[in-house]
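Residue numbers for the sequence shown follow the working numbering, beginning at -1 and rising by one. C-beta: ideal position from N, C-alpha, C; glycine also. The structure displayed is predicted, hence computed values, not measured ones. Heads up: the structure comes next, in structure tokens.
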Amino acid sequence: MRSKRISIAALVAASALLMAACGDDGTTNTSASPTTTAAATTTAAPTTTEAAAATTAAPTTAAPTTAAPTTAAPTTAPPAPDAPIPVGSSTGQWNNDTFGSTGAAVVEVGQTDNIMSVFLDLTDGFVLGEGIADGFSLDLPIDELAAGATVETAALGTLSITIADGQITVVGTNSPAGGIAGFTATGTITGTILSGTYEVQFDSGDPATGTFEFPIG
-1 MRSKRISIAA
9 LVAASALLMA
19 ACGDDGTTNT
29 SASPTTTAAA
39 TTTAAPTTTE
49 AAAATTAAPT
59 TAAPTTAAPT
69 TAAPTTAPPA
79 PDAPIPVGSS
89 TGQWNNDTFG
99 STGAAVVEVG
109 QTDNIMSVFL
119 DLTDGFVLGE
129 GIADGFSLDL
139 PIDELAAGAT
149 VETAALGTLS
159 ITIADGQITV
169 VGTNSPAGGI
179 AGFTATGTIT
189 GTILSGTYEV
199 QFDSGDPATG
209 TFEFPIG
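See the structure below:
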């Protein structure tokens, strides 16, 4: 029995020592292990501006417009009018009724574009009282003849010539022949004949009158 009591007493003593080692107040001091709360690692999502960035439209460059090349229609000059006197050569005659003189006259008509050329040979007889030594030419613009064209000649002076509707009028001034103030001739084209009358004015006295006739065409 004694050994059993010693065992019990030893057990009690051991228990007391254990409790004394664990705490002064006889209570068990249980220290909880410190709880470490892991800091939450928050990775902030990249901030995205919800407002869409203003988009600047690239400037629109219109494609250059190239006009189709225009080709001007070739300008065609209107054809020149026909000469009012048929082209060709003819020999006619003049007669001075006042003095009874007469003579032959050669006329040659040509045309180049708008110009009617007339060559006159009045060397036969005493035209304007003195006669004419050489033939001479006239260049007449056809498109002016209806209103009247004026030319200068050494043989007959200044001539104003009108040809329209088959009628011919020639007025001569500034005659180089002495004593001659001027002359007037009027003719009509009938078929293939040019015929008419003329009058020569002198510086004094009555005029002389006569006729002329030329085959034409």
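- Under the 8 Å Cβ criterion, the region 93 to 106 does not count as touching the region 73 to 82, having fewer than three qualifying pairs.
- Taking the Cα of serine 115 as reference, the smallest distance to any Cα among Ser87, Gly170, Thr186, Ser135 is reached at Ser135.
- Taking 8 Å as the cut-off, the Cβ atoms of glycine 164 and isoleucine 187 count as close.
- Under the three-state reduction of DSSP output, aspartate 132 falls in the coil class, being neither helix nor strand.
- Taking the C-beta atoms as reference points, phenylalanine 212 is found no nearer than 8 Å to serine 87.
- Leaving aside the five residues that flank asparagine 172 on each side, the residues in its chain whose CB is nearer than 6 Å to its CB run, in chain order, Gly155, Thr156.
- A direct Cα-Cα distance of roughly 7 Å separates isoleucine 178 from valine 198.
- Assignment of glycine 127 by DSSP, reduced to helix, strand and coil, places it in the helix class.
- Under DSSP, phenylalanine 181 forms a beta bridge with Gly170, Val198.
- The beta carbon of threonine 167 sits closer than 6 Å to those of Thr160, Thr184, all from its chain and outside the five residues before and after it, given in chain order.
- Take threonine 151, set aside five residues on each side of it, and the residues of its chain with a beta-carbon closer than 8 Å to its own are Phe134, Leu136, Leu157, in chain order.
- The residues Ser158, Thr182, in chain order, have a CB closer than 6 Å to that of valine 169 in the same chain once the five nearest residues on each side in sequence are set aside.
- Considering only Gly180, Gly194, Ile191, Ile214, the residue with the shortest C-alpha distance to aspartate 204 is Gly180.
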